[in-house]
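Okay, structure first, notes after.
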Amino acid sequence: MKVSRLVAFSSSLLLGAVLALTGAATASAAQSVQGVDYVALGDSYSSGVGAGSYDSASGSCKRSTKAYPVLWAASHSPSSFSFTACSGARTSDVTSGQLGPLNSSTDLVSISIGGNDAGFADVMTTCVLQSEATCLGRIATARSYVGATLPGNLDSVYSAIRAKAPSARVVVLGYPRFYKVGGSCAAGLSDKVRTAINDAADLLNTTTAKRAADHGFAFADVAGKFTGHEICSGDAWLHSVNWLNIGESYHPTAAGQSGGYLSVLDSAA
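Sequential numbering from 0 applies to the sequence shown in numbering that gives the first Met the number 0.
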């Protein structure tokens, strides 16, 4: 009888210790998230163009309250949050105008950048308005830029981020593939052009991922999350061409920000 009581008592102590350790770990995790100083940099995919609900104070940068950085901050309650991403930004715009909030205390940085350097907005405009041959030529020009010039531009941005925030975890987010080839679109661009645009987006992502890795940054690939939600999918998380609001064309919707970008940032951060 005494032995059984001793075993039961020991088991109770062990269970209590496990629960105490579990509780401590949970509390520690919560504190680590709440203690994060977070800075969100980048272009229109980070500012939230296409998601609506823009902060009027952000002006032409069009920072949306439905953009993934704002959603992440709302759900994790970091100790500080700075949002400097801006529509139309290129790598040089990030280094010249977005890095102010970074410092030695910054814990987390997110950024999407490079699409504007490569001229993807012009690619899409050219492909919609001009001939297929002209479109394919413009895509080839963009691919050449991504291969030859963009890596150096990304290196400059990433080095500047690391210099100002030496201890931060930096998450570089990529871009989705735009089209579901052979999907529900009955008109518009040919599947040949849609495939070429997707392949160019893939090249942009692999190039960005390599430069991010070489700087010790995490690359968050959103293409998988957007699979099944491309233009022509029937459940698109991307705007197709919108002649009434051309700036939102080919940008993520609010669902794309939350279901695509936010989820990969959650995993990577």
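All residues carry an ideal CB built from backbone N, CA and C; glycine is no exception.
Separation of the CB atoms of A208 and G173 is rounded to 7 Å, and the pair is thereby assigned contact status at 8 Å.
Here the segment 115-131 does not lie against the segment 93-105, with fewer than 3 beta-carbon pairs under 8 Å apart. DSSP, read as helix, strand or coil, puts I112 in coil. Sequence-distant Cβ neighbours of Y144 in its own chain, meaning closer than 6 Å and more than five residues away, are A117.
Excluding sequence positions up to five before and after C134, its CB lies within less than 6 Å of the CB of T125, C126, V192, all in the same chain and listed in chain order. Non-local beta-carbon contacts of D190 in its own chain, meaning distances under 7 Å to residues more than five positions away in sequence, involve V180, G181 in chain order. With 16 or more other Cβ atoms from the protein chains shown falling within 10 Å of its own Cβ, A50 counts as buried.
Residue state for A235 is assigned as coil, using DSSP reduced to three classes.
The distance from the Cβ of S79 to that of Y37 is about 7 Å, consistent with a contact at the 8 Å cut-off.
Around H214, the same chain offers Y157 as residues with beta carbons nearer than 6 Å, after the five sequence neighbours per side are excluded. The Cβ atoms of A88 and I138 do not sit closer than 7 Å to each other. Put simply, the backbone Cα of S166 is about 42 Å away from that of G136. Approximately 6 Å separates the beta-carbon atoms of V48 and E247; this is inside 8 Å, confirming the contact. S166 carries a coil assignment under DSSP once its states are collapsed to helix, strand and coil. Contact check for K61 against S46 passes: the beta carbons are separated by less than 7 Å.
Annotated as proximal: Y178 and N197, with beta-carbon spacing under 7 Å.
Within the same chain, Cβ atoms closer than 8 Å to the Cβ of A164 are found at V38, L101, N102, S103, T105, V108, the five residues on either side in sequence being excluded. When DSSP assignments are scanned along the segment 176-224, the uninterrupted stretches of alpha helix (DSSP H) that are 4 or more residues long and fall wholly within it turn out to be 190-213. For D54, there is no enclosing beta strand (DSSP E), since its DSSP letter is neither H nor E. Taking 7 Å as the cut-off, the beta carbon of Y67 is found closer than this to the beta carbon of Y260. W242 is classed as exposed because its beta carbon has fewer than 16 other beta carbons within 10 Å across all chains shown.
One Cα belongs to V263, the other to V221, and the distance between them is close to 7 Å. The beta carbons of T90 and G113 sit about 7 Å from each other, so the pair counts as a contact at 8 Å.
Nearest to D42 by C-alpha distance, out of S63, I110, H75, is I110. Beyond the five residues adjoining it in sequence on each side, R210 comes within less than 7 Å, by CB distance, of P150, L153, D154, Y157 in the same chain, given in chain order. Assignment of S43 by DSSP, reduced to helix, strand and coil, places it in the helix class.
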